[in-house]
Amino acid sequence: MPKIHEHDGKRPQAFGIFVENRLVLLYTFECDLGDGWEDAEVNNDPLEIRQKALKMGANILNYIFNN
5 MPKIHEHDGK
15 RPQAFGIFVE
25 NRLVLLYTFE
35 CDLGDGWEDA
45 EVNNDPLEIR
55 QKALKMGANI
65 LNYIFNN
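Residue numbering for the sequence shown follows the numbering used here, starting at 5 and increasing by one per position.
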């Protein structure tokens, strides 16, 4: 899980809820993926950080469409 912004020094985490062995909810904590998906000018995140957020988003979508 990529860390997009530093808030209070906690590590980024992801939690999931499964129903009948299917992931139905993914909750991310301390990572702000959505901030990394915005235009570069909005949060002034470095390209490397934004790319990590976009890759994680692509992985989430890939999981959704293939499971």
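Built from N, CA and C at the ideal position, the CB exists for glycine as well.
Residue i versus residue j - alpha carbon distance
i: Gly32; j: Glu10; result: It is Thr, not Gly, that sits at residue 32 in the sequence shown. Distance between the alpha carbons of Thr32 and Glu10 is about 14 Å.
i: Phe22; j: Glu45; result: 36 Å
i: Asp43; j: Leu58; result: 11 Å
Bridge partners - residue i, DSSP secondary structure assignment
i: Val23; result: Arg26
i: Phe33; result: Gln17
Exposed unless 16 or more other CB atoms sit within 10 angstroms - verdict on residue i
i: Arg54; result: buried
i: Ile8; result: buried
i: Pro50; result: exposed
CB contact flag (residue i, residue j, <8 Å)
i: Asn48; j: Asp39; result: no
i: Asn71; j: Leu27; result: yes
CA nearest to the CA of residue i, picked from the options
i: Cys35; options: Lys14, Lys59, Asn71; result: Lys14
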